[in-house]
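Colleague:
Chains as they are written, first to last, in our numbering: chain A, 1 to 663; chain B, 1 to 143.
#1: Using the beta-carbon count (16 or more within 10 Å), is residue 618 of chain A buried or exposed?
#2: Do residue 533 of chain A and residue 74 of chain B have their C-beta atoms within less than 7 angstroms of each other?
#3: Of all the CB atoms in chain B, is at least one closer than 7 angstroms to the CB of residue 130 of chain A?
#4: To which residues does DSSP link residue 397 of chain A through a beta bridge?
#5: Smallest Cα separation from residue 437 of chain A: which of A:577, A:399 and A:186?
#6: Note down, in chain order, every chain B residue with its Cβ under 9 angstroms from the Cβ of residue 568 of chain A.
#7: With three or more C-beta pairs closer than 8 angstroms as the rule, is the region 247 to 258 of chain A touching the region 292 to 309 of chain A?
#8: Kindly indicate which three-state DSSP category residue 71 of chain B falls into: helix, strand or coil?
#9: Reducing DSSP to helix, strand and coil, say where residue 609 of chain A ends up.
#10: Measure from the alpha carbon of residue 589 of chain A to the alpha carbon of each residue in A:455, A:379, A:363 and A:614, then state which is nearest.
#11: Can you tell me whether residue 123 of chain A is buried or exposed, with buried defined as 16 or more other CB within 10 angstroms of its CB?
#12: With a cut-off of 8 angstroms on the beta carbons, I'd call residue 4 of chain A and residue 77 of chain A a contact; round off their distance for me.
#13: Enumerate in chain order the residues of its own chain whose CB-to-CB distance from residue 476 of chain A is below 7 angstroms, with the five nearest sequence positions on each side excluded.
#14: Evaluate contact between the region 192 to 202 of chain A and the region 287 to 294 of chain A, counting only Cβ atoms and requiring at least three cross-stretch pairs below 8 angstroms.
#15: Counting only beta-carbon atoms, is residue 19 of chain B nearer than 7 angstroms to chain A?
#16: Using a Cβ cut-off of 7 angstroms (strictly closer), state whether residue 52 of chain B contacts chain A.
#17: Can you find a C-beta in chain B that's less than 7 angstroms from the C-beta of residue 499 of chain A?
#18: Would you mind listing the beta strand (DSSP E) stretches within the region 519 to 556 of chain A that are 3+ residues and don't spill past its ends, in chain order?
#19: Please identify the residue among A:46, A:86 and A:38 whose C-alpha is closest to the C-alpha of residue 60 of chain A.
#20: Report the residue from A:663, A:90 and A:486 whose alpha carbon sits nearest the alpha carbon of residue 426 of chain A.
#21: Is residue 41 of chain B close to chain A, meaning its C-beta is less than 7 angstroms from at least one C-beta of that chain?
#22: Under 8 angstroms: do the region 339 to 353 of chain A and the region 488 to 499 of chain A share three or more Cβ pairs, one atom per stretch?
#23: When the Cα atoms are used, what is the spatial distance from residue 656 of chain A to residue 120 of chain B?
#24: Give a yes or no on whether 7 angstroms exceeds the smallest Cβ distance from residue 676 of chain A to chain B.
#25: Do you know how far the Cα of residue 513 of chain A is from the Cα of residue 14 of chain B?
#26: Considering Cα atoms alone, identify which of A:329, A:137, A:581 and A:462 is closest to residue 622 of chain A.
#27: Taking 7 angstroms as the CB-CB cut-off, is residue 37 of chain B touching chain A?
#28: Anything in the region 23 to 35 of chain B with a Cβ closer than 9 angstroms to a Cβ of chain A? List those residues in chain order, please.
#29: Please check the pair residue 155 of chain A and residue 556 of chain A, which I expect to be a contact at CB under 8 angstroms, by giving their CB distance rounded to whole angstroms.
#30: For residue 544 of chain A, collect the residues of the same chain with a Cβ closer than 7 angstroms to its Cβ; drop the 5 residues on either side in sequence, then sort them by chain order.
#31: Going by the C-beta, is residue 634 of chain A closer than 6 angstroms to any heavy atom of the ligand COA?
#32: Buried or exposed: where does residue 96 of chain A fall if 16 or more other Cβ atoms within 10 Å of its Cβ makes it buried?
#33: With a floor of 4 residues, list each alpha helix (DSSP H) that falls wholly inside the region 305 to 389 of chain A, ordered by position along the chain.
#34: For residue 65 of chain B, would you say it is in contact with chain A, using Cβ-to-Cβ distances shorter than 7 angstroms as the test?
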């Protein structure tokens with residue numbers, strides 16, 4: 001027989017002024033199973049809690065109902081108090097008399113009646129509550145960081161500095177990401193490589209960081225604290241241990257005309273190559289699609305040249321399995337290609353560049369060694385037009401969002417150009433200037449005031465070639481839409497920032513949600529900006545939305561802090577509100593008939609298959625089993641189950657039916 | 001004495017329950033006919049619960065959760081929505097007035113919307129009159 005204690009709170013005047021609390025306590029006293037019912041001014045206060053604790057001991061209560069405010073407010077308080085008195089905390093429930101009754105109804109009999117009803121509902125529920133115990137899961141203290149750009153590097157360094165193991169996986173042959181391609185960075189105009197490469201080296205040399213470049217995540221299984229990642233290490237076709245990075249093979253490779261990805265197609269590379277001179281690790285890769293040996297079966301020049309005999313043509317991809325406790329997603333972004341703009345010279349003109357190409361052109365390590373030369377004929381451009389919002393904030397291109405960084409980098413590009421070509425003319429077409437950030441507005445102002453960059457507010461309708469020049473036709477909306485025509489030598493489109501190729505597949509692989517533009521979605525836009533809705537997977541950088549370097553670094557450190565907080569514990573405790581599949585004695589074993597409708601309904605892949613075996617080892621039945629580590633307790637499986645074999649602890653069918661019976 | 005309907009509301013813990021809490025904190029008044037049952041997610045809400053509520057003499061039912069795409073559990077509300085489409089058809093087939101069940105989205109920020117919803121449903125059900133057929137349901141063994 002249940003021995004329930006009911007504690008009705010006045011919440012000062014909040015409940016007491018509208019609801020006759022003494023009457024509620026009185027009414028409840030007669031409910032079967034209730035052995036103690038009192039009311040008190042402030043139940044959550046120290047004396048109030050003491051009252052509950054003493055009553056538990058004195059009356060030997062088997063369940064407690066606190067009729068007070070919303071359980072979202074004080075449930076933890078009262079559950080802790082109940083636990084202190086030696087009763088299982090999950091035998092305590094709250095009836096919401098304040099938010100759902102006294103604050104929303106007028107004073108009167110009806111309101112008091114409703115309050116008594118709400119209490120009765122919870123009394124019936126508590127009668128069917130089971131003692132529950134928090135679920136404990138061990139934590140593997142190793143993090144996996146996907147993406148070796150500045151976000152990934154920063155997150156890896158921060159986690160490693162906190163004393164935990166990190167595996168940094170990067171799909172290209174070197175870490176560094178887009179930041180390593182940048183010439184100078186806004187708003188300080190310091191050299192990107194100068195601030196980034198020391199970080200890259202630090203990451204490579206850190207005793208807690210394992211670098212896996214030229215590698216990709218193949219598969220992820222498991223749950224927070226207990227992931228199992230399978231990583232494909234693509235064959236570099238060299239023995240990394242033997243290679244010293246001397247570069248002789250690169251110098252002698254006969255294939256010299258391959259478009260260089262790092263230089264955004266503006267330069268050439270060889271078939272055996274490192275992406276850029278400061279690459280980390282500084283070990284080459286053979287591009288088998290372009291290598292003469294792989295295409296024609298002969299050449300092997302690199303093998304002959306290699307002083308350490310490190311070339312391995314027969315090397316195959318390798319799959320590595322890793323146990324990790326958390327994952328940081330830092331897979332970055334891509335920029336929209338200029339061929340998306342047929343109206344702008346069909347995007348085919350070599351003198352129409354995108355932002356990243358201009359970065360390479362302006363970079364001292366770029367294809368022109370920093371000299372301003374236009375791609376078509378190597379001439380110094382006298383007039384350069386920059387087009388902000390190319391693709392961004394443009395529904396017709398499918399990118400209604402603001403790419404956030406273009407206003408700033410366009411101002412930077414115009415300044416860099418003016419610094420290199422003093423007599424040159426820089427014209428920027430823009431829609432708005434969005435330069436929110438520390439010293440950002442000052443930076444744009446500097447471009448206009450000190451570097452004489454001409455800003456024209458308006459979109460460009462058309463660009464076409466006229467002999468040596470590119471004719472840019474637009475309108476100046478600040479002059480009533482007056483037509484503007486600029487004859488330029490080179491045009492730079494600040495094209496939209498987009499999600500990385502394959503981000504949708506990756507999100508599905510990781511069970512992380514994504515927005516309509518395939519950027520990964522955070523768990524809560526304001527209060528959980530670095531978490532995803534899969535526990536244990538965190539976000540950093542432009543894989544979530546377009547963002548600049550300072551913001552990326554800050555977010556990466558935020559993600560790292562989340563990982564460090566997770567790793568600070570040896571075990572994770574979770575609310576025991578999870579689904580369970582019932583068990584019966586033989587020969588039924590369970591009501592579960594193994595239809596696995598629950599499996600398809602579960603958003604967390606928490607339902608597994610379990611074989612029930614007889615004494616001779618033969619499989620008698622295949623039933624569903626809930627992985628309590630993965631289950632989040634939504635209960636969708638419960639509603640789906642046709643045989644009612646699955647139930648959810650804390651909100652079981654029995655409990656809800658008991659609640660319904662009082663109504 | 002005029003008829004006062006009994007409304008049972010099945011709401012999810014994350015959006016509508018929190019929304020109803022906000023109605024309270026904003027001191028927005030509404031009809032006292034509703035009794036809220038808290039569940040983790042609308043995805044948890046079973047046909048049987050609704051049938052049982054009717055069998056116990058509820059005159060109207062509200063099912064409410066997070067807006068599409070806002071589910072705390074990613075997709076529970078989509079399951080609920082799909083289930084509701086089927087249940088409504090079934091109710092109609094059984095001859096129960098489908099106006100007695102209201103399916104709605106109320107987010108944690110929509111305190112005023114919750115009050116509005118409860119008032120709307122209470123008014124509708126008051127006009128429909130008491131739900132007498134529950135006796136048949138009860139006799140049919142749902143009870």
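Note that beta-carbon positions come from the ideal geometry of N, C-alpha and C, so glycine has one too.
Quick caveat: nothing in here was measured; it's all calculated off a predicted structure.
Modeller: This is what the structure gives:
#1: exposed
#2: yes
#3: no
#4: Its beta-bridge partners do not exist; DSSP assigns none.
#5: A:186
#6: Per Cβ cutoff of 9 angstroms: no residues; residue 568 of chain A is ~26 angstroms from chain B at best.
#7: yes
#8: coil
#9: strand
#10: A:614
#11: buried
#12: At roughly 19 angstroms, the Cβ-Cβ gap does not stay under 8 angstroms, so residue 4 of chain A and residue 77 of chain A are not in contact.
#13: 456, 457, 458, 482 and 484
#14: no
#15: no
#16: yes
#17: no
#18: 537 to 539
#19: A:86
#20: A:486
#21: yes
#22: yes
#23: 25 angstroms
#24: The question about residue 676 of chain A has no answer here: the residues shown for chain A are numbered 1 through 663.
#25: 18 angstroms
#26: A:581
#27: yes
#28: 23, 24, 25, 26, 27, 28, 29, 30, 31, 32, 33, 34 and 35
#29: 4 angstroms
#30: 519, 520 and 522
#31: Among the ligands in the structure shown, none appear at all, so the ligand COA cannot be discussed.
#32: buried
#33: 355 to 362
#34: no
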